[in-house]
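Notes for the one structure printed next.
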Amino acid sequence: LAVLLTTNGALAWTNPEGCGSTPIAPVLESREDRVVGGQEAVPGSWPWHAGLHMSAFWDSTYFCGGALISDRHVLTAAHCVSYYRPNGTYVHVGSHSRVSRDMTEQYVRAEHLCMNKDTTKDIAIVKLSSRVEFTDTVQPACLPEPHSELPDNTTLYVTGWGQADELDSKSRPEYLQQLMTRSIANERCGKEFHPVPDYLLCGSYEDGTPCQGDSGGPLVRKDDSGSWFLEGIVHKGGKYCKTMRLFRAMRYVKVSHFVDWVDDYLRADAEERADTFCDMAPNFDRVA
């Protein structure tokens, strides 16, 4: 289950049993991996990776990434969905190809798109109209402890179908790409690169960076038990990938900062007041 009851009867988040598992193991390579000019992932090895599409079909309808966190919820970037209606948004999971349907693929229409009311916080929850089935290629990522901080230089991986060449809109790869990066503590990031608020985290720009089309995609960490945790969401990748090359750092939405907000959404949704809890039209540039 993705929720539990607290002592006062309120809903609270708990990770689904078996979250963060990879029945098909990813190949974890070295710094040569990158999304801009990146390395193709092993099919099905990042089973929480979701693709947001404008229809139930594929190819040009893809517009952003996301991360499956339960059988009915996906986290993504708010700017990805701020101009879309739920009935025109489809979430594809279990996919390796961006342009054709995989035998392992499932797709579900969105029921509700919830963006944080603080429009500086680039995070959104997509509630699916029906539950997905967990399989070898469809699994949820675990959420981290609320307000936890990553140690400096933690190894992280990001996945996406974003552009391989930031200047070429036709360079989006057909198959899912992966990138290894490392966390940069916010204090060091502010001193060495650029100031960063507490709800964002920095990742190193070593040999590549997420780019246009990668926005909303997952940044994950493997813990000592072998489970994968969703630590970040790609934040305005298309707008900033070229700039981040100059700063040698990339900014991501820090998921640990918003676990309590996920709790609040679950309560609001259970009480049928999600529309009053969520911002339905945040003021974001439409850049993926």
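Going left to right, the sequence shown walks through residues 1 to 288 as the UniProt record's numbering numbers them. Just so it is clear, CB atoms sit at the ideal spot from N, CA and C, and this is done for glycine as well. Note that this is a predicted model, so its numbers are computed, not measured.
CA nearest to the CA of residue i, picked from the options
| i | options | result |
| --- | --- | --- |
| Met54 | Gln39, Pro86, Gly44 | Pro86 |
| Trp228 | His235, Val234, Lys236, Leu219 | Leu219 |
| Gly217 | Glu17, Gly65, Asn15 | Gly65 |
| Ala25 | Ser45, Thr14, Asn15, Glu17 | Ser45 |
| Tyr62 | Asn15, Gly162, Leu128, Ile125 | Gly162 |
| Thr137 | Met103, Glu272, Lys121 | Met103 |
| His147 | Glu174, Ala124, Pro43, Tyr199 | Tyr199 |
| Val81 | Phe193, Asn116, His96 | Asn116 |
| Ile69 | Arg131, Lys236, Asp224 | Arg131 |
| Val42 | Asp71, Leu52, Ser97 | Ser97 |
Status (buried if at least 16 other CB within 10 Å, exposed otherwise) for residue i
| i | result |
| --- | --- |
| Gly20 | buried |
| Asn153 | exposed |
| Gly94 | buried |
| Asp214 | buried |
| Asp33 | Below a pLDDT of 50, predicted positions are generally treated as unreliable, and Asp33, at 40, falls in that range; the measurement from the model is reported next regardless. Result: buried. |
| Ser90 | In the sequence under discussion, the amino acid at residue 90 is Tyr, which differs from the Ser named in the question. Buried, since its Cβ has 16 or more Cβ neighbours within 10 Å. |
| Thr22 | buried |
| Val74 | buried |
| Glu231 | buried |
| Val262 | buried |
| Arg221 | buried |
| Ala270 | exposed |
| Lys191 | exposed |
| Leu28 | exposed |
| Ser256 | buried |
| Gly203 | buried |
Under the three-state DSSP convention, the category residue i falls into
| i | result |
| --- | --- |
| Ser271 | Just to set this straight, residue 271 is Glu in the shown sequence, not Ser. Note: Glu271 maps to coil in three-state DSSP. |
| Lys191 | helix |
| Glu90 | The amino acid at residue 90 is misidentified as Glu; the sequence shows Tyr. Here Tyr90 sits in strand by DSSP. |
| His73 | strand |
| residue 289 | As shown, the chain starts at 1 and ends at 288. That puts residue 289 outside it, with no answer to give. |
| Thr120 | coil |
| Thr154 | coil |
| Asp136 | coil |
| Leu143 | coil |
| Glu17 | coil |
| Asp223 | coil |
| Asp33 | Confidence at Asp33 is low in this model, with a pLDDT of 40, below 50, so its placement is unreliable and the value that follows should be read with caution. Coil at Asp33, not helix or strand. |
| Tyr107 | strand |
| Ala78 | helix |
| residue 289 | The question about residue 289 has no answer, for the chain in this structure spans 1 to 288. |
For residue j and residue i, believed in contact at Cβ under 8 Å, the rounded distance
| i | j | result |
| --- | --- | --- |
| Ile233 | Thr135 | Contact doesn't hold; Cβ gap of about 23 Å is too wide. |
| Leu201 | Lys254 | 4 Å |
| Leu176 | Thr159 | 6 Å |
| Ala78 | Asp122 | 5 Å |
| residue 289 | Val99 | Only positions 1 to 288 of the chain appear in this structure, which leaves residue 289 out of reach. |
Residue i beta carbon near the ligand NAP (any heavy atom closer than 7 Å)
| i | result |
| --- | --- |
| Asp264 | The ligand NAP is not part of this structure, which contains no ligands at all. |
Any C-beta of chain D under 8 Å from that of residue i
| i | result |
| --- | --- |
| Pro47 | Any reference to chain D falls outside this structure, which holds one protein chain only. |
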